[in-house]
Amino acid sequence: MKLEFRQTVTCNHLTLARVCKTIDWQQPLPRCGEYVTGLETLDGEQELQVHKLLHRTQDGSCLAELPGFNIAQLRISYRELEQLAEKKGWTLQKL
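Structure (structure tokens):
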């Protein structure tokens, strides 16, 4: 099953972008509140808690909303975030 993971990217209190990564998920679907690992997140977290899980019946996929992160705390620029997303297989969408 295709599982899309999403995180919101902020800079202080301003929402800048959303990062997404779609994976062919071979494990049981995580539930809200459970932790997922192995995503090579852009903020360096090893495990993240699933906040929301949405099932898309039209294409049989799912969307998992993960906690967002603040690039000011990571001390990287938006350009560096773009490069990191490309390197780790995440799609960066400006909002």
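The numbers in my numbering rise by one with no breaks, and the one at position 29 of the sequence shown is 20.
Every residue gets a Cβ at the ideal spot worked out from N, C-alpha and C, and that includes glycine.
Just so we're clear, the structure is a prediction, and the values are computed from it rather than from any experiment.
Q | Inter-residue Cα distance where the pair is Lys12 and Ala55 | A | 10 Å
Q: Name the residue from Phe(-4), Gly51, Asn3 whose alpha carbon lies nearest to the alpha carbon of Arg9.
A: Phe(-4)
Q: Using the DSSP secondary-structure output, state which residues sit across from Cys2 in a beta bridge.
A: Leu5
Q: Could you pull the start and end residues of the beta strand (DSSP E) that Leu83 belongs to?
A: 82 to 85
(Q) Rounded to whole angstroms, what is the Cα-Cα separation between Leu5 and Gln74? (A) 21 Å
Q.
Given a cut-off of 7 Å on the beta-carbon distance, is the pair Cys2 and Ala63 in contact?
A. yes
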